[in-house]
Each structure stands twice: as C-alpha cells, then as structure tokens.
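In full-length UniProt numbering, the protein residues as written are 1 to 782.
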C-alpha cells in the first residue's frame, strides 16, 4: 500500500504544485488524470486489502473480512494532502512579511484569490475522497476531518491568516477611517479581505455538504443560514471596527456640537448614518448593519438626547417641519426617546390651544364660529405637523389627541361661564349655523367640508351627550320651522354622528326626519279633504307637523288663549287626525307654532312672520288699534313676563308704540297703552317677528338642558351599573367603578359622586346588595 501511495502521490504532488503555483496551466485532460489517480488509489487499495479468512462449508466460497474505512480508503492520502497544504501556505506566509498598509492588502487579496481558486479545483480532484472516506469519517462523528475545500481554508487560517490578521485588519480599518474623512479608497481591497474572513468562518461544527457544494459564496450576501461562518469576521474585524466607529463619532460629535447648532448637528448625523448604511451595502457583511447602527445610535443620538429635547419645544414653536421630521427619524432609532418628545408636544399643543381660545373668549361666547375656528386652526397646524414630521406615528397621534381633548373641554370659555360643558354647546350652535338657512349660506360642498371639520372637534368632546341635547333641540327647530338649508347636508351630518357614536346616539334624530316626511304627506291629505268636502277654514292655510312624544325635545307650554279663527282650524285638523288614528291624542305646542299674518293697514301690504302669541296680539288690532297691557293680558290670558317678550320684537321694528315710555320690561305699568303704529314702514314686505331670541331664553335653554341632562345621566349610569353587575354577579366597589366609567366614557365623563349615588339608589331598589361581611363587595339580585 505504501508503494501505491508513493506512486499516486508522486503524480498528485506534481499536479497540485502546478495548480497552486499557476506557473503552468493544468489542462482538462491533466485535471481528469489527477482525479483518476485519487479514484484509483481509493478503489485499488480497497480491493488489494481484502483478505480471505475462512471458507463457507455449503458452497466452499471464502468469507471476506472487510477492514474499517479508516485503514484503507483514504486516510493516508488525506494526510499527504494536509502536509502539502501546510507546507505551501507556510511558504506563502513567509513571502508577505515585507508588506504594509495598502500594499499588504493588495498582496493578501492576490494570494488569497489564487489560493481559493486553486483550492476549488483541488476540491474537485479529491471529490471521490470527499464523498466516501471523508463523508464516512464525518458520519461517525470524527473531529478534525474536513472536506478538501474546507481543509484548504482551514490551513490558510491556521498557517497564514492568524499571523497577519492584526496587520491586515488594521490596514482595512485605516482605509475605512480615510473614507470617513472624505478620501476615496479602493473598496475592492476591503471587500476582498472581508470576504476571506467570511470564508474562514467554516469549522468542524458546520453541517458539511458533499462535493462541490462545500464551496462558500464570496459575496456579502445574507448569512443567516450559516451564522457560525461569522466567527472569524466578528472576532478579527467587526469588534475592532465597531470600537473604532464609536471612538471616531464620539470625538466628531463633541467637536461638531461645540461649533454648530443642534439643527445642523441633526443634519450631520443623518448624513453620517446614511454613509454607514452605504458602507455596509458596498463592502461589509449585512450582519454588521445592526451592530453598526446601534453604535452610531448610541454615540450620535442617545448621548445627546437632552440637547435634542431642549431644542424640540423651540422647533415646535417655529413649526420647523423638516427639522422636526429629521429629529423624529433619528430619535425613533433609540428606545424610549420618543416618549419624552411626545410628552413635550402634548404640553405644547395644550398651551397653544388654550392660548388660541383665550384670544377669542369674549367673542366665542356670542359667536360659536369664532370658537370652533380657533380650535380648528390649532388642529390644522398640528395635524399636518404630525402627518409630515412624525409620519402619523401612533404615539404622537395619541399625544395630540390627548392635548386636544384636554384644552377643548377645559379652557377659558368653559371656565368663565356658569354654563357647564360649554364646548359641546358651542359646537352644536356652530353646526346649527352651517345647516340653517341664511343669506350667507356657502355652497354645499363647502358646507360638507365644514361639517367634516365639526366632526374633528366633536371627536375630542368628552360630554357627547351634551352636544346631542343641544343638537337635538336645534335640529328640531330647523325641521319644525323649515329652516334647514339642505336636506342632503342634514342627512350627511346625521350619518357622520352615527358612524362615530353608533345607531343609538342618532336614533331619535333619525326619527325626527321620519316624522317630518309623514307630516308632509298628512298635511297634503288634510288639504285634499278640505277641498273635497268644502270645509271652511276662513282663508287659513294650515301645515301641521305630528311630532312623536318622547322623541322631540319639546315640552308643552301654554302661552295664551288661541284666537277663534285659529282654534277653528286646529279643531278641524284634530277631528281629521283622530278619525284616522284611533286612540291617539294631539297636543298643540303653541310656543313652537308659527304663522304669517297679512297686514292691509298701510299703503304697502306687509306679511308678518309671527309666533302663536304674536299672532294673537296682532289679530286683536283688527278690533281696536290701542289696548292697555292689562287689557291684552286679561283677554288673552298672558303672564306679564311672557307678554313683554311677545311685544319686544314688535316694539323693536316700530310696529307698535307705547304711551309714556319707550321701553318695555316686567316693571312697565300695566296701564301703559300699546298702539299699532300708523306710521310703520319697512323696506321689507315680509317682516319676521318670531326669530328674536333673548339672552334669557338662551339661558333658560341652558338650564333646561342641564336639568334634562342630569336626569338622563342618572338613568344611563344606573343602566350601566345593572349591566355590569348582571354579567359579573359579584364585584368589588373599585372594579365596578372602573368598568362603569369605561363603558360611559364614550358618551360623557361620569361624575364619581353621581355613580356612588346611583349605586345607593339601586341598592334601595333591590337591584344590588352589599355582600354580608364585606361592605366593599356588591352582588347582583336577580
């Protein structure tokens, strides 16, 4: 066998020498001959060492004893190859001691690429050895055995690389340092060296493939499938590289900030991070990206967060969107940094919002549009900022929402008035301005956009039930008095409210619409019957709206005695309605009724739009042109304060005159004479006497809303408590309070004291009971 090995190696040794020195190229024929030498050695050695030991008694055939593979199919050849590679690599190492810096890298790359290419060819020549003897050794768990290409790389690492590693790595780091300082460098040298580091990561713990598959790529492709291949790269290069990176940028950051502003520093950091990413793409392994970015983030960003925070509020104040966007992009790279910035922004928006409302507080109480526009101007500013600079980051959106919720519900306008929940009231009044007929109604598309803006503010309203109360009252008035500018816009607004708050929130509002449609059809039917039956209505044209009790926000309030001419028509309609709806009862809402009275007392024919009470007074002048206040009160059964309100508008337009005084209030003597003004003149032929709303009426509406609201909330709170307890059966006081508040917060911010009172009420009504022996626990009584 030794003779066979000697003969085989004599040929193989010469062939390997030619391949590695590349002095005389190896032809394909020579390559195949070398492969055949390996093949013949392994197979011939196996056959020669088969030794007959015994003969089989049945067929007289020899029994063959097979030696282990380690004895005859490749071990000696493998050892000869190891010796050759070690000697050759030692020669290569001895030739490179004189090189330094870039010359060292050039020499290293040149020698490595030649060695690697040659080893690839040699791996093919010894592929039979790879597939049989080496594979069997590895399958049996032997260590220190490698496929031929891996063996060559291992020899390179142990006999060449470890002796020059520090010098080569330092030369690479010097080139990278030069590039960071603005110089151009031969990046191919860097990538070539680092790819060799990756190749050397192969070790005995890898799962070795067979044959040519053992070859590793030389690109900086992702290496997640072979993580152990990074050991050499990380040990000999990455650790030093990251350390150099931290030192370099730490010094640069201190020097730059000493001479420049934070804003300029942010630009510098952004540029540097981009450069480092590009560096990874060009010649570093992708596995380096994460630790490299971490090093940059720590040194360039995390170390200067206090400086960033100090500048952040000023940047918000000046609306520096680009600089804020840059700061956000950098700070989101550092854990926990954005939380502080969000808090700063939240406080900043609160201050800005309260300041904006403070500037218009005087006007806001009388002009809802001014109030809402002040809020919207702040929202437009910061919503665009959050979108552009902070990329609609969820945390910044939440911080903005918290700030708007805070200042919209608690500001000068809400603090300086005794009316609670001022914001939802003003918002409802602004919506009413948009939806009500007026001489200045904008185009419908502009109204649609304005309603969208209303919903932006509405989202932040805590007491949405207050908005609902006011909106309901104003919608009712628009529908009853036909003051809606557009049915489409009314429907659109209801749909928006429904989408945000659900069906229950808008169910009564939607029912109002249904009632108006039905009422129009009913009025037409009544008029047809009047014409068909020749019913005498004394020239009174009647339109009626049938409002479902409990849906519309109106309460019956008697104002005065109805004039006979109007009472006649009302009686006729009542008979018509009851005949069609057995069991129903009609109650006329005098204070909500309106009509037009034609006046022929002057050179011009006037039409007066008047309330029921005003019509009653005007019709009195058909009988006499002057009456004392007492006479009007007695004949129409007015209360004095109500009569004053009825006459105020007539006095304001000079339709009536007063004897001995020009003002009218509760203290005006009852013997004061009220006369129809013979000299009355108006440029308008139609004069609206009904639309004047006094401050006392507004205040009364606020008081009524608050009174209704308190009662409604008590019922809603009680219902929520019962729902929770019915589901939980038994619950601690604190847990019950938490769940009830959570359920109700979508509609209003419940008062803790009121919740406690509602719990006591439900205990009295025997819906709940305190657990005996534990007063802090409640149980549901079914």
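For glycine and all other residues, C-beta sits at the position ideal for the given N, C-alpha and C.
Nothing here was measured: the structure is a model prediction, and the numbers come from that model.
Residue i classed as buried or exposed, judged by whether at least 16 other C-beta atoms fall within 10 angstroms
i           : result
residue 265 : buried
residue 272 : buried
residue 317 : exposed
residue 660 : exposed
residue 727 : exposed
residue 465 : buried
residue 462 : buried
residue 533 : exposed
residue 238 : buried
residue 117 : exposed
residue 66  : Note on residue 66: pLDDT 42, under 50, position unreliable in the model; the coordinate value appears next. Residue 66 comes out exposed.
residue 782 : exposed
residue 491 : exposed
residue 540 : exposed
residue 449 : exposed
residue 614 : buried
Neighbourhood of residue i by C-beta distance below 7 Å, restricted to the same chain and skipping five residues each side
i           : result
residue 321 : 385, 388 and 389
residue 519 : 544, 545 and 546
residue 783 : Residue 783 is absent from the structure shown; the chain starts at 1 and stops at 782.
residue 638 : 560 and 632
residue 800 : Summary: the structure shown does not reach residue 800, with the chain confined to residues 1 through 782, and so no result is reported for it.
residue 337 : 305 and 331
residue 766 : 781
residue 428 : 467, 470, 471 and 474
Helix, strand or coil at residue i according to DSSP, with G and I counted as helix
i           : result
residue 598 : strand
residue 779 : strand
residue 101 : helix
residue 396 : helix
residue 608 : strand
residue 769 : strand
residue 536 : coil
residue 586 : coil
residue 285 : coil
residue 562 : coil
residue 19  : helix
residue 658 : strand
residue 39  : helix
residue 774 : strand
residue 548 : coil
residue 749 : coil
residue 796 : Residue 796 lies beyond the residue range present for the chain, which begins at 1 and ends at 782; the question has no answer from this structure.
residue 379 : helix
residue 651 : helix
residue 518 : helix
residue 237 : helix
Residue i vs residue j beta-carbon contact at 8 Å
i           : j           : result
residue 736 : residue 754 : no
residue 589 : residue 556 : yes
residue 78  : residue 9   : no
residue 413 : residue 349 : no
residue 771 : residue 779 : yes
residue 500 : residue 469 : no
residue 300 : residue 193 : no
residue 163 : residue 110 : no
residue 483 : residue 436 : yes
residue 750 : residue 759 : no
residue 522 : residue 510 : no
residue 308 : residue 262 : yes
residue 295 : residue 246 : yes
residue 562 : residue 616 : yes
Residues near residue i by beta carbon distance below 6 Å, same chain, minus five either side
i           : result
residue 805 : Because the chain here runs from 1 to 782, residue 805 falls outside it and cannot be looked at.
residue 258 : none
Chain-order list of residues whose beta-carbon lies under 8 Å from that of residue i (same chain, five-residue window excluded)
i           : result
residue 260 : 268
residue 438 : 485
residue 793 : Residue 793 is absent from the model: the chain starts at 1 and stops at 782.
Uninterrupted alpha helix (DSSP H) stretches inside the segment 405-490 (no shorter than 4 residues)
412-415, 422-435, 444-460 and 464-480
Give, in chain order, every unbroken run of the alpha helix (DSSP H) that is at least 4 residues long and sits entirely within the segment 662-734.
695-728
Run through the segment 620-647 for me and flag every whole beta strand (DSSP E) of 3 or more residues, listed as ranges in chain order.
626-628
Please give me, in chain order, every unbroken run of the alpha helix (DSSP H) with length at least 4 that falls completely inside the segment 125-208.
135-139, 148-156, 162-180 and 187-199
Where in the segment 74-124 do unbroken runs of the alpha helix (DSSP H), each at least 4 residues long, occur, reported from the N-terminal end onward?
75-94
Which runs of the alpha helix (DSSP H), 4 residues or longer, sit entirely within the segment 270-351?
289-296, 305-317 and 321-331
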